[in-house]
Each structure stands twice: as structure tokens, then as C-alpha cells.
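Chains as they are written, first to last, in our numbering: chain W, 7 to 284; chain H, 146 to 442. C-beta: ideal position from N, C-alpha, C; glycine also. Okay, so here's the structure we're looking at.
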């Protein structure tokens with residue numbers, strides 16, 4: 007018993023040491039974001055002088071060449087629409103795939119799954135030309151459309167699995183009571199799926215928010231930039247201004263961070279929901 | 146149940162499948178075509194592919210055993226060789242260490258945080274952590290008395306790739322950890338009780354119970370990690386842009402540069418097709434394993 011306790015104490019201490027070592031880079035970024043550049047020039051851990059202020063944040067949000075405030079708004083729009091549209095579409099399709107007869111269902115699912123693996127680079131040149139002919143270049147809609155179609159394959163799968171796991175009896179009872187397909191879907195299936203929907207939404211929102219490649223190829227006017235897209239532009243070629251760079255980094259990381267903190271259970275479930283049960 | 150496609154089914158699935166067809170499947174096929182044409186729209190067969198494989202920016206083994214550049218394709222392989230085992234070992238270690246103990250939820254969250262960091266910010270972190278003046282790692286080596294590593298790591302081809310791989314491990318281990326923790330909770334505790342009764346040591350228990358029971362988790366982690374390693378783009382773009390001297394370039398970045406910066410969409414698509422085919426290798430094995438459950442011992 008005593009031996010077991012000692013083991014637990016050891017594991018706890020070791021765990022905390024690893025955890026703290028693991029977040030040191032975050033501490034560094036936050037420390038340099040709240041201090042003037044001169045103080046951190048030789049390392050953020052030097053504390054001989056310590057003046058905390060939000061000066062760097064104000065600078066990157068409003069005063070720099072590309073103030074972050076507009077890109078943040080663009081990112082928010084892209085992430086919201088790029089989440090809601092595919093979630094609604096996949097919910098409908100996922101229900102049909104779980105409960106209806108669809109010819110060549112297995113084949114369609116395998117094709118959809120293989121879509122998930124394909125790097126975005128594979129579609130980049132053709133989709134650039136398509137968006138050009140649709141006059142959607144330099145419009146956030148091009149990013150939203152691509153976020154939607156890359157999300158549908160995994161979301162459809164995710165929702166299909168979730169719906170298949172629900173008991174069929176409830177739906178049968180509702181059908182006997184006279185529900186048609188749409189009513190059944192709206193009043194019976196959707197409410198059952200809320201945990202699954204939250205998982206899918208948190209994952210997709212974070213992915214839209216952190217995405218860099220799509221804005222990079224589609225958006226090129228400063229007023230269309232997304233927040234993540236602006237970060238590399240703040241980085242100087244040789245000399246980096248760590249104060250403003252780290253403040254900008256903290257700002258764009260804050261949104262996925264807060265979502266994760268509040269919806270941790272759902273976010274992780276979305277991440278590990280792919281492991282086969284057996 | 147009647148085996149007939151109903152009208153309502155079509156209403157349910159078309160809004161989701163049609164955009165995928167138009168904006169994903171069609172561009173993929175059309176991208177494949179583009180890879181066989183040059184910039185003027187002339188069919189050139191496999192010339193773009195030949196051009197890719199003979200390109201020093203893609204494969205360059207002249208200084209192989211010493212330091213990079215080895216070429217973008219080889220850098221991706223180096224990434225897999227170092228990043229994958231580290232992810233598995235650290236992920237499993239952290240999962241076992243942090244699974245049960247009280248108060249460890251906070252530590253788990255700390256390690257998982259890397260997963261929500263935008264990869265572009267990850268790239269900034271590389272510069273930040275490994276910069277000579279304000280970076281922690283070079284100062285650490287100075288204190289340890291290794292002045293050759295008290296440099297700006299991302300400015301030298303000898304160290305830049307190592308710095309990038311290190312950060313990518315730091316960002317990604319949280320994923321392996323949570324998948325392993327989920328896997329560990331499905332192992333019946335009675336197995337461990339019996340093992341303890343039989344006098345099995347912790348190492349034996351790990352080898353004969355934990356690792357075999359986590360086989361599914363491991364194969365998912367391996368698959369997702371390899372896909373992640375091959376898709377790397379933002380991290381490299383934001384930290385080094387592929388430099389110095391091409392020493393951190395990867396396939397996804399080289400594709401972007403070729404198609405959009407060097408204005409060579411044909412060759413760019415050839416690189417994309419090669420990258421896609423490489424990505425499909427681990428997926429093929431994983432699908433085969435899922436479809437033939439009897440192959441699992």
C-alpha cells in the first residue's frame with residue numbers, strides 16, 4: 007500500500023513537471039506580448055525589469071500597417087459560415103446514409119473517406135481557376151465554399167455514425183404516429199444528435215479559424231485577409247519584433263483556446279471518435 | 146424494407162454531395178489532367194513528373210549524411226522517421242502517466258493545448274524559441290557549454306530542420322495522448338488485476354497487456370500522424386519559408402511555390418499528385434486492415 011502511494015506521488019510530481027515544461031513556450035509568448043521590446047531583447051525570462059502593459063496588443067489591433075481588427079472579423083465570418091453550412095448539410099445527408107436505402111452506399115462512403123485524405127494542394131490550381139471564372143477570387147466566399155466541401159466528407163461520416171448509434175425504436179414509434187421523413191428528422195433525430203453536432207462544430211470552427219492555405223491562395227486584398235494570414239506578414243525578414251508578433255499570436259490563438267476550454271469534452275470526442283470500437 | 150431509392154432520400158443527400166462533386170471531386174480530376182500539360186496547354190505526358198523527380202529542390206542527396214538540404218521529398222521522409230516514433234513513445238508515456246492520477250486533468254489539458262494552436266503561430270514559436278538573442282533553447286545550450294548551438298537555429302541549414310521537427314512534436318503529441326487515454330479506458334481492469342496476481346512486472350504488463358490492447362489506437366495515431374506530417378505547410382511557411390538554402394522545404398510548400406510563385410501550374414500539380422499518392426499509401430493499409438478484421442491476431 008505504502009509502495010503504491012509512493013508510486014502515485016512520483017507520477018503526480020513527474021506529470022506536473024512535464025506539464026509545466028510543455029507550456030513554457032506559451033508562457034514565453036505571453037510574457038513577451040505584455041512587455042516592451044527592450045525588456046525582452048535578451049530573453050523573456052530575465053525579470054530585472056518588469057513592466058506589464060497591453061501596448062503591444064493595442065498596436066497590432068489598431069496601429070500597425072494591417073490592423074488585426076478587420077482580419078479578426080473576416081476570420082470570424084469565415085469560421086461561422088464555414089461551420090454552420092457543412093454541419094446542416096451533413097446532418098441531413100448523414101441521416102439519410104444512416105437510415106435510408108441508398109444505392110452503392112458503401113462505394114460513396116469509401117470515396118468520401120478518401121476525399122478526407124487528399125491534400126488541399128491537389129485541388130489548389132483547378133479550384134483557383136474555377137473561383138476565377140465564378141468571380142469569387144478575393145472573396146471570403148471562396149474560402150467558405152472550400153471549407154464547406156472539405157468538411158462534408160468527415161462530417162457526413164461522423165453524423166452517420168452518431169445517428170446509427172441511436173435506438174431505432176423511437177423513430178419507428180414516431181413514424182407509426184404519423185411523422186413524415188422531415189418531421190422525423192427535425193423533431194426526433196436532430197435533438198438526439200446535439201452532442202455529436204457540438205463536437206463537429208467545435209472541431210470545424212477551430213479548423214476554419216486556424217486554416218492558412220486557403221486564404222493564402224484566395225485572398226489578396228488587405229481588407230479581406232484573415233487573422234492567421236496576417237501573422238507571417240508581421241514577421242520581419244531578419245529582425246523580428248517579438249512584442250507585436252507574440253501579441254498577434256496570442257490574439258489568434260485565444261479564440262480556439264477559449265472554445266477548447268469551454269467545450270473540451272466535445273472537442274476531444276470529435277478528435278478520438280474515429281478509433282474503431284472493436 | 147423495400148430496396149428502392151426514395152425521392153426524399155435524394156432531397157436529403159444531394160445538397161451535401163453536389164458541392165463536394167463540383168468543388169472537390171471535379172477539381173481533383175481536373176488537377177490530375179493539368180499535371181500532364183505544360184504552361185501553354187500542350188500535352189507533355191510525364192515530363193512534369195520527370196522534371197519533378199530530377200529537380201534538386203525535390204531530391205538532392207549530394208550531401209546526404211551530413212546536413213540538409215536533402216530536397217523537399219526527403220525532408221518529408223526525415224520528418225516521418227523522427228516525428229512518428231517520438232509521437233508514439235511520448236504519447237503513450239504521457240497517456241499512462243496522466244491517465245488515472247487525480248489532478249492530472251489540468252496537465253493533460255496543458256499537453257493537449259498544442260492541438261489548438263494555429264500552425265502559423267507554431268511557425269512563429271519556432272523562430273521565437275530558437276532565436277539566438279531571445280530564444281530559450283540556444284541560451285540553454287550556452288549554459289550547458291555547447292557554444293556551437295548558441296546560434297539562431299532557423300538561420301542555419303544544420304539546425305533549422307531539427308528545430309522545426311522538435312516544435313511539430315511539441316504541437317502534435319497531445320493528439321496521440323488523448324487517443325491513447327481513450328484506448329486505455331477500454332482495457333478491462335481485470336487484466337491488470339490478474340497480471341498483478343501473477344507477479345508480472347510493470348514492464349511485462351506494458352509489453353503483454355497494454356501495448357497489444359492499444360493496437361487500434363496505435364494504428365489510428367500512425368495513420369493520422371503520417372497524414373499530418375505529409376500535409377505540413379503552414380508551420381514551414383511561417384517559420385523559415387523553406388530556407389535557409391532550401392533546407393526545410395517540404396512537398397506541400399514546394400507545390401505552392403511552384404504553382405503560385407514560380408508560375409508553373411503543370412509541375413505544381415505533378416508535385417501535388419505525387420504528394421497525394423504518397424498520402425494514400427498509409428490510408429490503403431489502414432482501410433485494408435479495417436475491412437479484414439480477421440487479419441488482426
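DSSP, read as helix, strand or coil, puts residue 218/W in coil. Residue contact check for residue 11/W against chain H: no CB pair falls below 9 Å.
Taking the C-beta atoms as reference points, residue 224/H is found nearer than 9 Å to residue 310/H.
Residues of chain W with a Cβ closer than 7 Å to the Cβ of residue 425/H are, in chain order, 123. Residue 217/W has its alpha-carbon roughly 19 Å from the corresponding atom of residue 253/W. Taking a C-beta cut-off of 8 Å against chain W, the contacting residues of the segment 370 to 392 of chain H are 372, 375, 376, 378, 379, 382, 383, listed in chain order.
According to the DSSP assignment, residue 249/W belongs to the alpha helix (DSSP H) that extends over 248 to 268. Under the three-state reduction of DSSP, residue 378/H is assigned to coil, being neither helix nor strand. At a Cβ-Cβ threshold of 9 Å, residue 155/W and residue 164/H count as neighbours.
Of all residues in the segment 280 to 292 of chain H, only 281, 284 place a beta-carbon less than 7 Å from a beta-carbon of chain W.
Cβ neighbours of residue 294/H within its own chain (closer than 6 Å, five residues either side excluded): 286.
The C-beta distance from residue 266/H to residue 255/W rounds to 4 Å, short enough to fall under 8 Å.
Under the DSSP assignment, residue 177/W falls in the alpha helix (DSSP H) whose first and last residues are 174 to 182. Contact residues of the segment 343 to 355 of chain H toward chain W are absent (C-beta to C-beta distance below 7 Å).
Contact between residue 216/H and residue 203/H holds, with the beta-carbon distance rounding to 5 Å and staying under 8 Å. Taken in chain order, the whole beta strand (DSSP E) runs of length 3 or more contained in the segment 104 to 165 of chain W number zero. Among the CB atoms of chain H, none fall inside 9 Å of the CB of residue 202/W. Excluding its 5 nearest sequence neighbours in each direction, residue 416/H has C-beta neighbours in its own chain below 7 Å: 197, 396, 399, 400, 403, listed in chain order. Between residue 74/W and residue 236/W a beta carbon distance of about 6 Å is seen, short of the 8 Å cut, so the two are scored as contacting.
In the DSSP assignment, the residues bridged to residue 182/H are 188/H. Scanning chain H for C-beta atoms nearer than 7 Å to the C-beta of residue 102/W yields 154, 157, 158, reported in chain order. DSSP places residue 223/H inside the alpha helix (DSSP H), whose first and last residues are 217 to 243. Taking CB atoms only, residue 164/H has a neighbour in chain W less than 9 Å away. Taking C-beta atoms under 8 Å as the contact rule, residue 78/W and residue 260/W fail to qualify, at a distance of about 10 Å.
Per DSSP, the unbroken alpha helix (DSSP H) holding residue 348/H starts and ends at 347 to 350. When the Cα atoms are used, residue 337/H and residue 361/H turn out to be separated by approximately 19 Å. The beta carbon of residue 193/H lies closer than 6 Å to those of 180, 411, 412, 415 in the same chain, with the five residues before and after it left out.
Between residue 165/W and residue 110/W, the CB-CB gap reaches or exceeds 9 Å.
151, 152, 154, 155, 156, 158, 159, 162: these are the residues of the segment 137 to 171 of chain W whose beta carbon lies less than 8 Å from some beta carbon of chain H, given in chain order. Exposure of residue 178/W is indicated by the presence of fewer than 16 other C-beta atoms within 10 angstroms of its C-beta.
The three-state secondary structure of residue 152/H, taken from DSSP, is helix.
Here the segment 183 to 194 of chain W makes no contact with the segment 119 to 139 of chain W; the two share fewer than three CB pairs at distances below 8 Å.
Residue 48/W sits in coil when the DSSP states are folded into three classes, being neither helix nor strand. Taking 8 Å as the upper bound for CB-CB distance, residue 385/H and residue 305/H are in contact here, some 6 Å apart. Listed along chain W are 131, each with a C-beta nearer than 7 Å to that of residue 414/H.
Rounded to the nearest whole angstrom, the C-alpha separation of residue 252/H and residue 346/H is 27 Å.
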